[in-house]
Amino acid sequence: MKSRQQKEKSDFRYNTGDALVPWDAVAVKPDPVLALDILRFLAGPGENTDAYNRALERVKEAVQCLFEHGEPATKLSLGDRVKEVEEFAKSYLDVKHASFLVNWTAGYDIALDMAGVGPGDEVIVPAITFIATASPVLRKGARVIFADVQPETVNLDPKSVERLISDRTKAIVPVHIGGYPVDMDPILEIARAHDIMVIEDAAHGFGGTYKGRKLGAVGDFGAFSFHEVKNITSLGEGGILVSDSDLGAQFPMARFCGFDLESPPPENWLYNVSPIRSKSGFFPATNYSTTEIQAVALLRQMRRNEEITGQRRKVARRMHDAFANIEGLIPGPMNDDTFGATFHLFLLRVKSDVIEGGIQAFKQGLAAKGVTQIAHFCPLYHYDLFKALGYDRDEIRQTCPNAERAFCEEYTHLPVYGLSDERIDYMVNAVLDTAKMLRR
Ligand SMILES: Cc1ncc(COP(=O)(O)O)c(C=O)c1O
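So the sequence shown is numbered by the numbering used here: it starts at -11 and just counts up by one.
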């Protein structure tokens, strides 16, 4: 364990030499009671049975014993574990810069700032995505420009993007919905031709690939989500922002208030606070720091990511093969050498001219059989937020016919992880039975 004197420069708060009254005396330290509370939370409260109480007693003793022999953590935020997460991400994704932050949205916020997005600018996002892909743009006073999607993946359609470029476009945001890779090459080509930055929403795409590159590492910036419903999680919330751009070297400062330990500090002070350089100027940073506990949880799962994704891919293959030749059903594309989906969600489409009532009736049929619908990707311009901001819903929907048809008639997402073989069989049969029942 490092002594106080061995602490690195970035640990400026501890960098005060040996002291009888150290800096870390300002905060409550982890103790066995806290550790036990966390374990009980994670394991669930349990019934108040004899067996549960005996188990609790045993764990209590073990935790007490561990604390007696260990040296309780004092650095709880932005320490060595957070660095380890970032080193792992850099090597796994083959990128120069990676920063572990509170969530995907925080990473996106920094990427938008670095791309120079400000009042009056435009950012192109797909009509079908989670609201977080749009709201940070609005919060910068910029305008969200909705692009249509490709029916096969429900992902951003490059042809639609091309038509929407204007003098004000500052960024294009391809979203790898469900972990299915966006066709990035034509988007990059358009972006390069117009000097526009590409920010990948790889919230669902950690470990996915496009033409041999990891998703998130293809554009200028990429952000991943480790929220509790993603493929892997840092205990509920978390995100990683990556980039190969020189701007990415500033991620540590951008993630933590612009703290600058390289520039000379003001007289009589410990650190400086610097502006963060963007493509077109600079911006002030805010605080998106993560904790060591989040990092511990994420590291374990990141190291298992290939295994976890492999399991998803197996189930997806099974479901794909079961649906591929069924009249009225179109499963999402399967992986090949250039297209490596993570299958965060399994994309299922129905042909609305074959299935009576289209996807809406289909979803009801599945719900009646107890099959969960992952139901959060409505075209964003349907939300009241956009109406309040003066967006014309009817006008926009005319420009996004694929998104309208996909949402109203064609697509749903199914879960593929952590299900027993019996449950997967049940879900497959529920889909097949529903198709049979609704086929015209
Ligand atoms: C496509 C997409 N983008 C962004 C986000 C936001 O991620 P976070 O909650 O980590 O900010 C989500 C979360 O569900 C998402 O589904």
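Every residue, glycine too, gets a C-beta built ideally from N, C-alpha and C.
Coil, strand or helix - residue i by DSSP
i	result
G267	Inspection of the sequence shows that residue 267 is occupied by Lys rather than by Gly. Three-state DSSP puts K267 in coil, outside helix and strand.
T221	coil
A418	helix
A7	coil
Q(-7)	Any answer about Q(-7) is weak, because its pLDDT of 41 lies below 50 and its placement is not dependable; what the coordinates show is given next. Helix.
R381	helix
P389	helix
S65	strand
Y399	strand
N293	helix
S408	coil
R428	coil
T360	coil
L516	Any question about residue 516 goes unanswered here, given that the chain covers just -11 to 428.
Y198	strand
F327	strand
Continuous beta strand (DSSP E) stretch holding residue i: start and end
i	result
R337	F334 to V338
E188	M185 to D189
P319	L317 to P319
Delimiting residues of the alpha helix (DSSP H) encompassing residue i
i	result
F88	Where F88 is concerned, there is no enclosing alpha helix (DSSP H), although the beta strand (DSSP E) it sits in stretches over H85 to L89.
G346	G346 to A356
Y40	D38 to H57
V163	Note, V163: premise wrong, no alpha helix (DSSP H); not H, not E.
K375	D372 to A376
L22	P20 to A31
H182	M172 to H182
Proximity of residue i and residue j at Cβ, strictly below 7 Å
i	j	result
A285	L223	yes
S266	G129	no
G167	H401	no
G195	N293	yes
L228	A86	Strictly speaking, residue 228 in this sequence is Ile, with Leu absent from that position. Yes.
K158	L81	no
T360	P321	no
V206	M172	yes
A453	P389	No statement about residue 453 is possible, as the shown extent of the chain runs from -11 to 428 and does not include it.
L249	E72	no
Which listed residue (the options) has its alpha carbon closest to that of residue i
i	options	result
I384	A349, F331, D136 and L426	D136
D25	T422, W11, V404 and V51	V51
R429	A355, M307, A283 and R300	Since the displayed the chain opens at -11 and closes at 428, residue 429 lies outside it and no answer follows.
E398	P253, K78, R337 and F270	R337
G316	R42, S340 and E225	S340
V436	E75, I160, I296 and P240	Residue 436 is absent from the structure shown; the chain starts at -11 and stops at 428.
D421	L54, N390, I343 and G406	I343
R301	V163, G406, L22 and P139	G406
D413	G353, L335 and V303	V303
Q299	F212, S408, G346 and A356	S408
G345	A190, V113 and L426	L426
G200	I314, D324 and A391	D324
L100	N260, F350, S123 and V83	S123
A181	D380, H164, P169 and D155	D155
V261	F212, V149, C53 and S251	S251
M102	P254, S233 and F327	S233
A423	A391, N313 and T330	N313
### Query
What runs of the beta strand (DSSP E), each 3 residues or longer, lie entirely inside the segment 100 to 159?
Along the length of the segment 100 to 159, whole beta strand (DSSP E) runs at least 3 residues long occupy 110 to 114 and 131 to 135, reported in chain order.
### Task
Could you name each continuous beta strand (DSSP E) segment of 3 residues or more that falls completely within the segment 203 to 255, going from the start of the chain to the end?
The segment 203 to 255 is shown to contain whole beta strand (DSSP E) runs of 3 or more residues at 209 to 213 and 227 to 231, in chain order.
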